[in-house]
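**Q** With the numbering used here applied, the sequence shown covers 73 to 308.
Before I ask anything, here is the structure I am working with.
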Amino acid sequence: MEKQQEIISMFDNIADSYDITNRILSCGIDVIWRNKACNLAFQNMQTKDNINIIDVACGTGDMIIKWQENANKNNININNIKGIDPSEKMLQIAQKKLSNVEFIKNEATNIPLESESADIISISYGIRNIVARQEALIEFARILKKGGILVILEFTKNQNPSLLEKCAMFYTKKILPIVGGLVSQNYKAYKYLPDSIEEFLSTQKLNEELKESGFTPLYTKAFLANICTLFVAKRD
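Put into structure tokens, the structure is as follows:
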């Protein structure tokens, strides 16, 4: 699919500066959101032993690091953790950071893993970049065990923004592309971010798609003027 390949190529092009750009643009707040996501998932697990985790659209491995750190804090025993991403250059950086983790270069709509083999699947700031989103959600349901947990962190569309939320939207639309472009030397990639948020779903619509794909939403929470939303759902 042409659009999907364009998105993958864009992430290949910004891979080298991806981590530092994200830290600057988010002021490190994304770390708080990732920790919250991990802790909520663990709280909703049926077991704490031999957990298998799949991080989809894993990028440079930030979420995998948070899974490992928070597992220790919650007395969770991770049996296996894998990262999936279609960007080869992103995975090369992730592998350097996490030499003991298996990474698989693949798109989210056709993951080469057995059915009902995972206890947790996470996707952080990646579902928005999947063109065939519904196919990916159905694939997640296939791979998860019954009662398994899906965690989604994503920038969502705000249809009725308050004054504070309009200020946040101004930052995202006007300031973020300039700063991201300067750091990464790729203005187009960071212009894509606010454009993709504008084209993405509302929180309500994404929860409806989760239900249609075989999930029961457990927790939905927006952070920081509704810029980012955390979804936790259980596979039926």
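Even glycine gets a Cβ: it sits at the ideal position worked out from N, Cα and C.
1) Identify whether residue 152 lies in helix, strand or coil by the three-state DSSP scheme.
2) Does DSSP put residue 204 in a helix, in a strand, or in coil?
3) Excluding five sequence neighbours on each side, which residues of the same chain lie with their C-beta closer than 8 Å to the C-beta of residue 190?
4) Residue 83 to residue 211, Cα distance in whole Å?
5) For residue 332 and residue 181, which I take to be in contact (beta-carbon distance under 8 Å), what is that distance rounded to the nearest angstrom?
6) Excluding the five sequence neighbours on either side, which residues of its own chain have a C-beta within less than 6 Å of the C-beta of residue 282, listed in chain order?
7) Note down the Cα distance separating residue 310 from residue 193, rounded to an integer number of angstroms.
8) From residue 101 to residue 186, what does the alpha carbon distance come to, in whole angstroms?
9) Which of the three DSSP states, helix, strand or coil, is assigned to residue 120?
10) With three or more beta-carbon pairs closer than 8 Å as the criterion, would you say the segment 101-117 touches the segment 157-166?
11) Could you spell out the range, first to last residue, of the alpha helix (DSSP H) harbouring residue 81?
12) Buried or exposed: residue 147, going by 16 or more other Cβ atoms within 10 Å of its Cβ?
13) Is the CB-CB distance between residue 225 and residue 302 below 7 Å?
14) With H, G and I counted as helix, E and B as strand and the rest as coil, what does DSSP make of residue 191?
15) So, at 8 Å on beta carbons, what are the nonlocal neighbours of residue 170 in its own chain, with the 5 sequence-adjacent residues on each side left out?
16) Could you name the residues that DSSP lists as bridge partners for residue 291?
17) Please say whether residue 92 and residue 201 have beta carbons closer to each other than 7 Å?
18) Quick check on residue 216: does DSSP put it in helix, strand or coil?
19) Pick out whichever of 286, 308, 228 has its Cα sitting closest to the Cα of residue 276.
20) Near residue 287, what residues of its chain come up, given a Cβ to Cβ distance below 7 Å and the 5 sequence neighbours on each side ignored?
21) May I have the straight-line CA-CA distance separating residue 273 from residue 199, to the nearest angstrom?
22) For my contact list, residue 130 and residue 88 are in at a C-beta cut-off of 8 Å; report their separation, rounded to the angstrom.
23) Anyone know if the C-beta pair for residue 177 and residue 160 falls short of 7 Å?
24) From the DSSP output, in three-state form, read off residue 103 for me.
25) Look at residue 76 and residue 173 and say whether their C-beta atoms are less than 7 Å apart.
**A** On the basis of the coordinates in this document:
1) In the sequence shown, residue 152 corresponds to position 80, counting from 1. Residue 152 falls in the strand class under three-state DSSP.
2) Taking the first residue of the sequence shown as 1, we reach residue 204 at position 132. Looking at residue 204 - three-state DSSP - the assignment turns out to be coil, as it is neither helix nor strand.
3) Residue mapping note: residue 190 aligns to position 118 of the sequence shown, counting from 1. The answer, listed in chain order, is 124, 125, 126, 215, 216, 217, 220.
4) To locate residue 83, count along the sequence shown from 1; it is residue 11. To locate residue 211, count along the sequence shown from 1; it is residue 139. About 22 Å.
5) Lying outside 73 to 308, the shown extent of the chain, residue 332 is not represented and no answer is given.
6) Numbered from its first residue, the sequence shown carries residue 282 at position 210. If we look at residue 282 and ignore the five residues flanking it on each side, its Cβ neighbours are 289, 305.
7) Here the chain covers residues 73 to 308 and nothing more, so residue 310 does not appear.
8) Working through the sequence shown from its first residue, we reach residue 101 at position 29. Working through the sequence shown from its first residue, we reach residue 186 at position 114. Each residue's alpha carbon lies about 35 Å from the other.
9) Numbered from 1 along the sequence shown, position 48 holds the residue referred to as residue 120. Correct three-state label for residue 120: coil.
10) no
11) For this step, residue 81 is matched to residue 9 along the sequence shown. That run of the alpha helix (DSSP H) goes 74-86.
12) For the purposes of this step, residue 147 is identified with residue 75 of the sequence shown, where counting begins at 1. So residue 147 counts as exposed.
13) Here the question's residue 225 lines up with position 153 in the sequence shown. Here the question's residue 302 lines up with position 230 in the sequence shown. Taking 7 Å as the Cβ cut-off, residue 225 and residue 302 qualify as a contacting pair.
14) Position 119 of the sequence shown, counted from the start, is the residue given in the question as residue 191. Three-state DSSP puts residue 191 in a strand.
15) Your numbering for residue 170 matches position 98 in the sequence shown. Contacts found: 133, 136, 137, 155.
16) Position 219 of the sequence shown, counted from the start, is the residue given in the question as residue 291. 304.
17) Reading the sequence shown from its first residue, position 129 is the one you call residue 201. Reading the sequence shown from its first residue, position 20 is the one you call residue 92. Cβ atoms of residue 201 and residue 92: not closer than 7 Å.
18) Against the sequence shown, residue 216 aligns to sequence position 144. In this structure, residue 216 counts as strand in the three-state DSSP scheme.
19) Within the sequence shown, residue 276 is the residue found at index 204, counting from 1. When each option's Cα is compared against that of residue 276, the closest is 228.
20) Translated into the one-based positions of the sequence shown, residue 287 becomes position 215. Same-chain partners within the cutoff: 213, 222, 305, 306, 307, 308.
21) The count along the sequence shown starts at 1 and reaches residue 273 at position 201. The count along the sequence shown starts at 1 and reaches residue 199 at position 127. Each residue's alpha carbon lies about 10 Å from the other.
22) In the sequence shown, counting from the first residue as 1, residue 130 sits at position 58. In the sequence shown, counting from the first residue as 1, residue 88 sits at position 16. Contact flag wrong, Cβ pair sits at about 17 Å.
23) Residue 177 sits at position 105 when you count from the first residue of the sequence shown. Residue 160 sits at position 88 when you count from the first residue of the sequence shown. Cβ atoms of residue 177 and residue 160: closer than 7 Å.
24) In the sequence shown, residue 103 corresponds to position 31, counting from 1. In this structure, residue 103 counts as helix in the three-state DSSP scheme.
25) Locating residue 76 in the sequence shown gives position 4, counting from the first residue. Locating residue 173 in the sequence shown gives position 101, counting from the first residue. Contact: no.
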